[in-house]
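**Q** Chains as they are written, first to last, in this note's numbering: chain A, 3 to 413; chain B, 3 to 413.
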């Protein structure tokens, strides 16, 4: 079985938001063993939306549409699905009752336009609203269509509660499992040279490269009848790849460097603190992305000014005067200050010039990271490139990776 | 003229990354007055990629493809474009020389596979590499195709340098301008009720609603012969909308609350500092997203533990004991601590429970924000909902908005 997604909303086509719903849905479908073959995004335009839906219906077994289910006149996904399937819209009496009750419970007057949300293509079954917008599902000549709200948390809740269980039943229980090996310090083509014969020899698992943000990731993806069988297919291939790449391959599944670091800390009953300048808080955000961060993360001192580096992170004025805020010495002192002031075993730090203009005579992209662990402090310059976002992301990766290597004793 | 984008890469269809390239390209095309009618994403599969390219070529005047231009065997966009247009691939001698030189300059051996990057569909013109992957452009029977690397900073550089100038020339100089009004505290449907007649009466500018992350944004979009004319069309419509929505409409163009806040601070020669718990650094990241933040941002104290709140942000132990870390009182004390310790006129803070589990008997989603300015401190509970990401984003918005209102004297 294969699936497609269609994101609906002119805000997508104007570039005001990215279609992160397609990403989330695809990752969830991969977990239950469904291939996704295409993502499409269209605007709030009935003709173009209807065409995209009609085309997708000829290709896929499951079509998941997000967006355009609100109460306002530009919300026309109901109409688009009905038109693509040659169905009429009918008001669903249970949904109407439900929508009226939601407003009554909140003690708010219900605008009449909200009743449009109770209109469904003939034969569709309603999916109860999580926020205020109901979704629906309807069987087409070949596959099933799900229409979900565009607001990410409402979409996610309906996906978990209705779509994934329904598709799991329909698809049988195959699994696609994907594992990523993070490679630091080798380019994409040198990585490829080292493992090209493995790539060519493989069909299941497949091996692919993902470049970006100063990293190359090698993705190994297996399909099998179960998650366990897929993992067993991946294991020997991963081992062979790591043997070729040597120390450039970061240990662990790169669902994140963060998870690797967290596991090292938790195993030692230790915690991490950060001090950061150009990254503006991104090290803290990265470390707290997943729940449970309070078990290993103390905090981060975001010190954008020299005064803050001195007063908050305790960087000696003499270091700032002699070497400047963007220096190996300041990076080391920031790491020490973070560990000391926040009472953490590991301190990590990043300082540098994110651009677009240089600073203190240092060019854009100059970054130093530091870390301290077990009485030692290390710091080094990082090779960065690209725009402001890329430079900041590279600095985060480099700081966390230095911390990891200091704990492992490989720095 | 209208455009479409195609993102190439199995990592998109596995949900490992979002197609942010489509977002960036669309925003840039809107600025030069080109409508984008569709985004598509396909995997590293020659048949399905070729089909998507062929279909797009029948509909659009400009097709921008990103990804699949690397040196490895899964990079097959060159082949896909050639197949869709019925062209052969030919090795470009100038590109070959350039690629050989890049490796020679870096003193690295060139894997032979890299020469695939010098292969272009017949009649295509090369776009010089910014990183290591060249792009190309080629004229089709109806429109022009641009193929750009998938790495965002390489794509952005080629877009600015080659694609936008080329399309500006081809399209004539029309402009689409979009302005957003941020609405806090009203739902989408109540917002609509207040301005429904304006929405129905408008064709240029158009008015649309964007819901998500605890905000409703009303987007007003005008097309005209120039940016100035488009702005002039928007002005009276925006004024009418604001008159209807009253204080729920946040002043200023919501390119960001951050920019509004920054302007208020700069006009007063003041700066802001933050102390944050559940947001993990996101307030700092939001304030430093754009260049120039050092003019108004001092830093942020990310205090994930009670000890950090006490030692780093100076929250009195008595407040933590009596009211807990997740309380109005702690939010206020965090804001004061940030302003005092970082020497800023405005302090803002957020504390709460991002989930997935409750904490100190407080349910997931409980958030308090605080701010201090001009000798006053205020704090309040925020109504949040949704998942961890949504709750954290709402907390950032609420903290910055409280700071804004305190400076304006409307809190």
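Just so it is clear, CB atoms sit at the ideal spot from N, CA and C, and this is done for glycine as well.
Kindly say whether residue 385/B, judged by its beta-carbon, lies nearer than 8 Å to any beta-carbon of chain A.
**A** No, residue 385/B lies away from the interface with chain A (no Cβ there is under 8 Å from its Cβ).
**Q** Using beta carbons (cut-off 8 Å, strictly below), is residue 299/B in contact with chain A?
**A** Yes, its Cβ sits closer than 8 Å to a Cβ of chain A.
**Q** Classify residue 74/B: buried if its beta carbon has 16 or more other beta carbons within 10 angstroms, exposed otherwise.
**A** By the 10 Å Cβ count, residue 74/B comes out buried.
**Q** Is the Cβ of residue 293/A closer than 8 Å to any Cβ of chain B?
**A** Taking Cβ atoms only, chain B reaches closer than 8 Å to residue 293/A, which makes this a yes.
**Q** Going straight from the alpha carbon of residue 54/B to that of residue 8/B, what length do you get?
**A** If I take the Cα positions, the gap works out to 8 Å.
**Q** Could you check if residue 171/A is buried or exposed, using at least 16 other CB atoms within 10 Å of its CB as the buried criterion?
**A** By the 10 Å Cβ count, residue 171/A comes out exposed.
**Q** Kindly list, in the order they appear in chain A, the residues whose Cβ is closer than 7 Å to that of residue 302/B.
**A** Ordered by position in chain A, the residues that pass the 7 Å Cβ test against residue 302/B are 283, 304.
**Q** For a contact meaning CB atoms closer than 8 Å, what does residue 173/B contact in chain A?
**A** Here the premise fails: no neighbours, minimum Cβ distance about 16 Å.
**Q** Tell me which same chain residues have a C-beta within less than 6 Å of the C-beta of residue 416/B, skipping the five on either side of it?
**A** Summary: the structure shown does not reach residue 416/B, with chain B confined to residues 3 through 413, and so no result is reported for it.
**Q** For residue 271/B, go through chain A and note every residue whose CB falls closer than 8 Å to its CB, in chain order.
**A** Going along chain A, no residue has its Cβ under 8 Å from residue 271/B, so there is no contact; the nearest lies around 15 Å.
**Q** Give, in chain order, every unbroken run of the beta strand (DSSP E) that is at least 3 residues long and sits entirely within the stretch 205 to 266 of chain A.
**A** You should have 208 to 214, 217 to 226.
**Q** Leaving out five residues before and five after residue 358/B in sequence, what residues of the same chain have Cβ atoms less than 6 Å from its Cβ?
**A** Excluding sequence neighbours, residue 358/B sits near nothing in its chain.
**Q** Kindly identify the DSSP beta-bridge partner or partners of residue 355/A.
**A** DSSP, once it has assigned bridges, lists no residue as partnering residue 355/A.
**Q** Does the separation of the CB atoms of residue 121/A and residue 150/A fall below 8 Å?
**A** Cβ distance not < 8 Å, so residue 121/A and residue 150/A don't count as in contact.
**Q** With a floor of 4 residues, list each alpha helix (DSSP H) that falls wholly inside the stretch 46 to 101 of chain B, ordered by position along the chain.
**A** Fully enclosed alpha helix (DSSP H) runs of 4 or longer: 48 to 61, 79 to 87.
**Q** Would you list, in chain order, the members of the stretch 183 to 215 of chain A that have their beta-carbon closer than 9 Å to a beta-carbon of chain B?
**A** The stretch 183 to 215 of chain A vs chain B, Cβ under 9 Å: 189, 190, 191, 192, 193, 194, 195, 198, 201, 202, 208, 209, 210, 211, 212, 213, 214, 215.
**Q** Take every Cβ of the stretch 45 to 52 of chain B, pair it with every Cβ of the stretch 77 to 88 of chain B, and state whether three or more of those distances are shorter than 8 Å.
**A** With a cut-off of 8 Å, the stretch 77 to 88 of chain B and the stretch 45 to 52 of chain B count as touching, because enough Cβ pairs lie within range.
**Q** What are the partner residues of residue 4/A, as DSSP defines its beta bridges?
**A** Per DSSP, 37/A.
**Q** Of all the alpha helix (DSSP H) runs that stay within the bounds of the stretch 135 to 172 of chain A, which reach a length of 4 or more residues?
**A** You should have 154 to 160.
**Q** Can you tell me the Cβ-Cβ gap for residue 336/A and residue 317/A, rounded? I've got them flagged as a contact below 8 Å.
**A** Indeed they touch by this definition, with Cβ atoms about 6 Å apart.
**Q** State yes or no: is the C-beta of residue 283/B within less than 8 Å of the C-beta of residue 314/A?
**A** No.
**Q** Excluding the 5 residues preceding and the 5 following residue 105/B in the sequence, name in chain order all residues of the same chain whose CB lies nearer than 6 Å to its CB.
**A** Here the set comprises 112.
**Q** Assign residue 162/B to one of two classes, buried (16 or more other C-beta atoms within 10 Å of its C-beta) or exposed (fewer than that).
**A** By the 10 Å Cβ count, residue 162/B comes out exposed.
**Q** Taking residue 44/A and residue 10/A to be in contact with their CB atoms under 8 Å, please state how far apart those CB atoms are, rounded to whole angstroms.
**A** Contact flag correct, Cβ pair sits at about 6 Å.
**Q** So if DSSP puts residue 370/A in a beta bridge, which residue, or which two residues, is it bridged to?
**A** Answer is 353/A, 383/A, bridged to residue 370/A.
**Q** Is there contact here, the stretch 239 to 247 of chain A with the stretch 193 to 200 of chain A, by at least three beta-carbon pairs under 8 Å?
**A** Touching, yes, given that three or more Cβ pairs across the two stretches are closer than 8 Å.
**Q** Kindly say whether residue 352/A, judged by its beta-carbon, lies nearer than 8 Å to any beta-carbon of chain B.
**A** Closer than 8 Å: no.
**Q** Compare the beta carbon distance of residue 26/B and residue 14/A with 8 Å and say whether it is the shorter of the two.
**A** Result no, Cβ atoms of residue 26/B and residue 14/A do not sit closer than 8 Å.
**Q** 8 Å is my cut-off, CB to CB: does residue 398/A come that close to chain B?
**A** No - not a single Cβ of chain B is within 8 Å of the one on residue 398/A.
**Q** Got a sec: is the Cβ-Cβ distance from residue 26/B to anything in chain A below 8 Å?
**A** Yes - at least one Cβ of chain A is within 8 Å of the one on residue 26/B.
**Q** Run through DSSP, which three-state label would residue 121/B get?
**A** Reduced to three states, the DSSP call for residue 121/B is strand.
**Q** With a cut-off of 8 Å on the beta carbons, I'd call residue 305/B and residue 277/B a contact; round off their distance for me.
**A** Right, the Cβ-Cβ distance comes to about 6 Å (below 8 Å), so this counts as a contact.
**Q** Along the alpha helix (DSSP H) that carries residue 197/A, what are the first and last residues, could you check?
**A** Looking at the DSSP string, the run of the alpha helix (DSSP H) that includes residue 197/A is 190 to 203.
**Q** Can you name the residues of chain A whose CB is closer than 8 Å to the CB of residue 73/B?
**A** Under the 8 Å cutoff, chain A gives 190, 191, 194.
**Q** Can you tell me whether DSSP reads residue 185/A as helix, strand or coil?
**A** Strand at residue 185/A.
**Q** When you compare each of 361/A, 134/A, 342/A to residue 373/A by their alpha carbons, which one comes out closest?
**A** Closest option to residue 373/A, Cα to Cα, is 342/A.
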